[in-house]
Amino acid sequence: MALKIERRPAPVWLPPLLPLLAVVITFVLTSALVLLAGANPLRAYYHFLIEPLSSRVSALEVLVKATPLLLTGMAVMVAFYGGFWNIGAEGQFLVGATAATAVGLNMHGVPPWVALPLMALSGFAAGMAWALIPAVMKTRLHTDEVVTTLLLNTVALLLVSALLNGPWRDPISQWPQSPEIASTAILPKLAPRTRLHLGFLIALATAFVVGVLLRRTVFGLRVRAVGLQPKAARFAGIPVERMLLISALVSGGIAGLAGMVEVAGIHYRLIEAIAGGHGYTGILVAMLGNLSAPGVVLAALFIGLIDTGSQTVSRALGVPVYLGEIIQATLLLVTLAVLLLQNYRLRWERRG
Amino acid sequence: MDAGLIAFWVGLIAATLRVATPLLYATLGALYSERSGVLNLGIEGIMFLGAFVGFAAAAQAESAGWAAALWVGLLAAIVAGALMGLLMALLTVHLGLNQHVSGLGVTLLCTGLALFGFRWVFGERAVLPRIAPFAPLDPLPGAPMLGPILNQHWLTYLAFLVVAPAAAWVLYRTRFGLRLRAVGENPEAADAAGISVFRMRTIAVTVGSALMAVGGAFLSLAQLGAFTPGIVAGRGWVCIALVIFARWDPLRAVLGALLFGGVFALQLRLQAQGVQLPYELLLALPYLVTIAALAIAGRNAPYPGAYLKPYRRE
Chain A
1 MALKIERRPA
11 PVWLPPLLPL
21 LAVVITFVLT
31 SALVLLAGAN
41 PLRAYYHFLI
51 EPLSSRVSAL
61 EVLVKATPLL
71 LTGMAVMVAF
81 YGGFWNIGAE
91 GQFLVGATAA
101 TAVGLNMHGV
111 PPWVALPLMA
121 LSGFAAGMAW
131 ALIPAVMKTR
141 LHTDEVVTTL
151 LLNTVALLLV
161 SALLNGPWRD
171 PISQWPQSPE
181 IASTAILPKL
191 APRTRLHLGF
201 LIALATAFVV
211 GVLLRRTVFG
221 LRVRAVGLQP
231 KAARFAGIPV
241 ERMLLISALV
251 SGGIAGLAGM
261 VEVAGIHYRL
271 IEAIAGGHGY
281 TGILVAMLGN
291 LSAPGVVLAA
301 LFIGLIDTGS
311 QTVSRALGVP
321 VYLGEIIQAT
331 LLLVTLAVLL
341 LQNYRLRWER
351 RG
Chain B
1001 MDAGLIAFWV
1011 GLIAATLRVA
1021 TPLLYATLGA
1031 LYSERSGVLN
1041 LGIEGIMFLG
1051 AFVGFAAAAQ
1061 AESAGWAAAL
1071 WVGLLAAIVA
1081 GALMGLLMAL
1091 LTVHLGLNQH
1101 VSGLGVTLLC
1111 TGLALFGFRW
1121 VFGERAVLPR
1131 IAPFAPLDPL
1141 PGAPMLGPIL
1151 NQHWLTYLAF
1161 LVVAPAAAWV
1171 LYRTRFGLRL
1181 RAVGENPEAA
1191 DAAGISVFRM
1201 RTIAVTVGSA
1211 LMAVGGAFLS
1221 LAQLGAFTPG
1231 IVAGRGWVCI
1241 ALVIFARWDP
1251 LRAVLGALLF
1261 GGVFALQLRL
1271 QAQGVQLPYE
1281 LLLALPYLVT
1291 IAALAIAGRN
1301 APYPGAYLKP
1311 YRRE
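Protein chains in written order, with our numbering: chain A, 1 to 352; chain B, 1001 to 1314.
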């Protein structure tokens, strides 16, 4: 018997159901680990998926967790859409957070409506600048962007670490973290006694703008053409290098903005762990959202739920908190496989 | 040369060989895979999983009183790496999924599994669990200069004297290697000639992943005698760059690993000498050198013909 893959478009009702199918398969697969850790899978998934939504504080915490993922997911989506394999959202996030902190530290006495846009701009610009290096290397020298963006993630982390252990070390706590940014440079809260802040709305607005830009404009059409068929796009007179460069820069900018949002909304300072894998999780969010803006919003909310849920399940059942990471990774792989069903049919066939 | 300078160079060369060892294993692993047409971005995670599984198995065997505990650890790491290779092959070779995203998914999965496993096996401890690591071979104890340079782990000897030359021999001098390169260059023609593209790629990815896991296990079983969350620290990504730098040639991969190992070891020495630079900037140096090298050597890199392209029989 051999697995045979046949090209066949899916019936229209199928694609929206595919992410759901991926979730179900993932939970079945990861049940084995839950059992291994000595817990009941059904109870574990209750704590994962239902309990976080049962109280106001933890339900809003899901939105808090989803905020940076929504932005990094959009960042990855823009790049992948245009055929630029940006694996560097993590590094762009870090430099964005750094630039925003640099501004935020100097905003004492400046009104928020000046301080916050300045920080957002600097975060966006820094993320763009960090993406510019691999983008130019790709368009000018034909260097594989996957490798360069990956290496630059590590460089960004080391730079942040150098800053926090050196000139920016907090003089009060002596921890490797920056001093607190000015109080006027902090994003306002959306709900009292929770961590939910204006950044969530910024992320939603970004998703809306990017979604409209990519799906409803000629610009978006050209970006997509470059991403799907660079040769055909060139033949059609689209400036391929310029479109690649733009999608890479916008991608880096959004990832940098995510860094600013986390500084100004949650931590109020730069810490080493601020990116915490959000850049990589953004790839999961973009794929799970099937590279569409509404899909990315839903995917970010879902991963935010799992992030919150992995804390509650760990507290309630004593399962290692890293179960959440395993579920996310499994979900990414299963989603990729299940999305095959959009264009292909799997069939077992007798060898012969 | 004065004694201090000689000691500096001897120490640098010895450290270079040590640092280059895990890089060489993982680079050769990535090279097999890419020569068959599959980019395995699971490398960082597979090294991490190899480091964890090797350590955990060795620690369990040690506490059970087994004499060959470290060997059990090494074997367990190889098995774990091969299993991840089979998963990677299922995703990219058989299902034909996007290699970038699959590889990153495998890295995330391995990272989660290793951290989950570490917590599950060792619980939350204030003190890092440790094992007695592999002792270095010391063929010329006390000999000036050569003594300290040759004072290396047998895994280092194995990498430079056996695994790398064997990779060159297998790829260029055997039927198997010819077939492996054929499916990486032109799978349609290879298929027409009766070579099973799927089988060759599955073998290449699996063997390659096992080598990556050995690279990771070297860190925990030979270098540290412990497992920490930061144990691999981006070495896997460097290896992906080293393959391009090596232009997919095993012997050039030896040079690349030595070059990167040298820069890394030099950075450690400079730190020890008290050079007035933040050590993080020195740590970033090897990565910046790699990026610069890619800008130069990566131009017109002879990528395998079917690199990143899944093969489907329609």
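All C-beta atoms, glycine included, are put in the ideal place defined by N, C-alpha and C.
Can you give, in chain order, each stretch of the beta strand (DSSP E) that sits fully within the segment 1226-1285 of chain B and has at least 3 residues? If we require 3 residues or more, the segment 1226-1285 of chain B turns out to have no beta strand (DSSP E) run fully inside it.
Exposed unless 16 or more other CB atoms sit within 10 angstroms - verdict on Gly352(A): Counting from 1 along the first sequence, the entry for residue 352(A) is found at position 352. Legend: pLDDT at Gly352(A) = 44, less than 50; position of this residue unreliable, no value from coordinates given.
Bridge partners - Tyr322(A), DSSP secondary structure assignment: On the first sequence, residue 322(A) is found 322 positions in, with the first residue counted as 1. According to DSSP, Tyr322(A) bridges with nothing at all.
Specify whether the segment 1141-1159 of chain B and the segment 1080-1094 of chain B touch according to this definition: at least 3 beta carbon pairs, one from each stretch, less than 8 Å apart. No, because fewer than three Cβ pairs between the segment 1141-1159 of chain B and the segment 1080-1094 of chain B fall closer than 8 Å, the two stretches do not touch.
With a threshold of 9 Å between beta carbons, is Asn1098(B) in contact with chain A? As a first step, residue 1098(B) must be located in the second sequence, where it is residue number 98. Interface criterion met: the Cβ of Asn1098(B) is under 9 Å from a Cβ in chain A.
Can you tell me which of Phe1055(B), Pro1250(B), His1153(B) and Lys1309(B) puts its alpha carbon nearest to the alpha carbon of Ala1168(B)? By one-based count along the second sequence, residue 1168(B) stands at place 168. For the residues Phe1055(B), Pro1250(B), His1153(B) and Lys1309(B), the minimum Cα distance to Ala1168(B) belongs to Pro1250(B).
List, in chain order, every chain B residue whose beta-carbon is nearer than 9 Å to that of Thr154(A). Residue numbering aside, residue 154(A) sits at position 154 when the first sequence is read from its first letter. In chain order: Ala1233, Gly1234, Trp1237, Val1238, Leu1283, Ala1284 and Tyr1287.
CB contact check: Arg1119(B) to chain A, cutoff 9 Å: Residue 1119(B) sits at position 119 when you count from the first residue of the second sequence. Closer than 9 Å: yes.
Residue ranges of each alpha helix (DSSP H) within the segment 1079-1135 of chain B, 4 or longer: Counting whole runs of 4 or more residues, the segment 1079-1135 of chain B contains the alpha helix (DSSP H) stretches 1099-1122.
At a CB distance below 8 Å, what residues from the segment 155-178 of chain A approach chain B? Give them in sequence order. So the close ones are Val155, Leu158, Leu159, Ser161, Ala162, Asn165 and Gly166.
Name the one or two DSSP bridge partners that Tyr344(A) has. The sequence position of residue 344(A) within the first sequence is 344, counting from 1. Answer is Arg7(A), bridged to Tyr344(A).
Minimum Cβ-Cβ distance from Thr1027(B) to chain A less than 9 Å: Translated into the one-based positions of the second sequence, residue 1027(B) becomes position 27. Residue-level contact by beta carbon fails for Thr1027(B) and chain A, as no gap is shorter than 9 Å.
Beta-carbon of Ala32(A) versus every beta-carbon of chain B: anything under 9 Å? Taking the first sequence and counting its residues from 1, the one referred to as residue 32(A) is at position 32. By this cut-off, Ala32(A) is not an interface position.
Which one or two residues does DSSP pair with Gln376(A) in a beta bridge? Because chain A spans 1 through 352 in this model, residue 376(A) falls outside it and cannot be assessed.
When you check each C-beta in the segment 1113-1139 of chain B against every C-beta of chain A, which residues fall closer than 7 Å? The segment 1113-1139 of chain B vs chain A, Cβ under 7 Å: Leu1113, Leu1115, Phe1116, Arg1119 and Trp1120.
I need the DSSP call for Ile434(A), collapsed to helix, strand or coil. Because chain A is modelled from 1 through 352, residue 434(A) falls outside the range shown and cannot be assessed.
Where do the ends of the alpha helix (DSSP H) carrying Asn153(A) lie? Taking the first residue of the first sequence as 1, we reach residue 153(A) at position 153. It spans Glu145 to Asn165 - the alpha helix (DSSP H) in which Asn153(A) sits, taken as one unbroken run.
If we count Cβ pairs, one from each stretch, closer than 8 Å, do we get three or more for the segment 1017-1036 of chain B versus the segment 1240-1259 of chain B? The segment 1017-1036 of chain B, when compared against the segment 1240-1259 of chain B, does touch it at the 8 Å Cβ threshold.
Nearest-angstrom Cα distance between Gln1276(B) and Leu1266(B)? Translated into the one-based positions of the second sequence, residue 1276(B) becomes position 276. Translated into the one-based positions of the second sequence, residue 1266(B) becomes position 266. Taking the CA atoms as reference points, Gln1276(B) sits about 14 Å from Leu1266(B).
For Gly352(A), does the three-state DSSP call read helix, strand or coil? Numbered from its first residue, the first sequence carries residue 352(A) at position 352. Note that Gly352(A) has pLDDT 44, beneath the 50 cutoff, so the model's placement of it is unreliable and the number below is only indicative. In this structure, DSSP gives Gly352(A) a state outside helix and strand, which the three-state scheme calls coil.
Check the Cβ-Cβ distances between Gly352(A) and every residue of chain B, and say whether any is below 9 Å. For the purposes of this step, residue 352(A) is identified with residue 352 of the first sequence, where counting begins at 1. For Gly352(A), the predicted model reports a pLDDT of 44, less than 50, meaning its position is unreliable and no value from the coordinates is stated.
With 7 Å as the C-beta to C-beta threshold (strictly closer), list the residues of the segment 274-305 of chain A near chain B in chain order. The segment 274-305 of chain A vs chain B, Cβ under 7 Å: Tyr280, Ile283 and Met287.
Report back the beta-carbon spacing between Ile303(A) and Val285(A) to the nearest angstrom; my notes put them in contact at under 8 Å. Taking the first sequence and counting its residues from 1, one reaches residue 303(A) at position 303. Taking the first sequence and counting its residues from 1, one reaches residue 285(A) at position 285. That belief holds up - the Cβ atoms of Ile303(A) and Val285(A) are roughly 6 Å apart, short of 8 Å.
Burial state of Glu47(A), where buried means 16 or more other Cβ atoms lie within 10 Å: What you label residue 47(A) is simply residue 47 of the first sequence in a count that begins at 1. In the sequence under discussion, the amino acid at residue 47(A) is His, which differs from the Glu named in the question. Label assigned to His47(A): buried.
Strictly under 9 Å for the Cβ-Cβ distance: is Asn1040(B) near chain A by that measure? On the second sequence, residue 1040(B) is found 40 positions in, with the first residue counted as 1. Chain A, which has no Cβ nearer than 9 Å to the Cβ of Asn1040(B), makes this no.
Ser1220(B) at chain A interface by Cβ criterion, 9 Å: Counting from one through the second sequence, the residue named residue 1220(B) turns up at place 220. Taking Cβ atoms only, chain A never reaches closer than 9 Å to Ser1220(B), which makes this a no.
Using only CA atoms, which one of Gly1037(B), Ala1007(B) and Leu1012(B) lies nearest to Thr1202(B)? Taking the first residue of the second sequence as 1, we reach residue 1202(B) at position 202. Just measuring C-alpha positions, the residue of Gly1037(B), Ala1007(B) and Leu1012(B) sitting nearest Thr1202(B) is Gly1037(B).
Cutting at 7 Å between CB atoms, please list the residues of its own chain near Met287(A), excluding the five before and the five after it. The residue labelled residue 287(A) in the question sits at position 287 within the first sequence. Closer than 7 Å at Cβ, skipping near neighbours: Leu332, Thr335 and Leu336.
Going along chain B, which residues have a C-beta under 8 Å from Gln328(A)? Here residue 328(A) refers to the residue found at position 328 when the first sequence is read from its first residue. Neighbours of Gln328(A) in chain B, taken as residues whose beta carbon is under 8 Å from its own, are Leu1108 and Gly1112 in chain order.
Chain A beta carbons: is any one of them nearer than 9 Å to that of Ile1291(B)? Translated into positions along the second sequence, residue 1291(B) becomes position 291. Interface with chain A (9 Å Cβ-Cβ cutoff): Ile1291(B) is included.
Contact with chain B by Leu336(A), beta-carbon distance below 9 Å: Here residue 336(A) refers to the residue found at position 336 when the first sequence is read from its first residue. Among the CB atoms of chain B, one or more fall inside 9 Å of the CB of Leu336(A).
May I have the straight-line CA-CA distance separating Ala1067(B) from Pro176(A), to the nearest angstrom? As a working mapping, residue 1067(B) is identified with position 67 in the second sequence. As a working mapping, residue 176(A) is identified with position 176 in the first sequence. Each residue's Cα considered, the two are about 43 Å apart.
With DSSP as the reference, identify every bridge partner of Leu1137(B), one or two as the case may be. Position 137 of the second sequence, counted from the first residue, corresponds to residue 1137(B). Paired residues: Gln1152(B).
Please check if any C-beta of chain A sits within less than 9 Å of the C-beta of Asn1186(B). Numbered from its first residue, the second sequence carries residue 1186(B) at position 186. No, its Cβ sits nowhere closer than 9 Å to a Cβ of chain A.
Between the C-alpha atoms of Arg345(A) and Leu116(A), what's the straight-line distance to the nearest angstrom? If you number the first sequence from 1, residue 345(A) lands on position 345. If you number the first sequence from 1, residue 116(A) lands on position 116. One C-alpha to the other measures close to 50 Å.
Residues of chain A with CB under 8 Å from Gly1215(B), in chain order? Locating residue 1215(B) in the second sequence gives position 215, counting from the first residue. For Gly1215(B), there are no C-beta contacts with chain A under 8 Å, since the nearest C-beta of that chain is about 17 Å from it.
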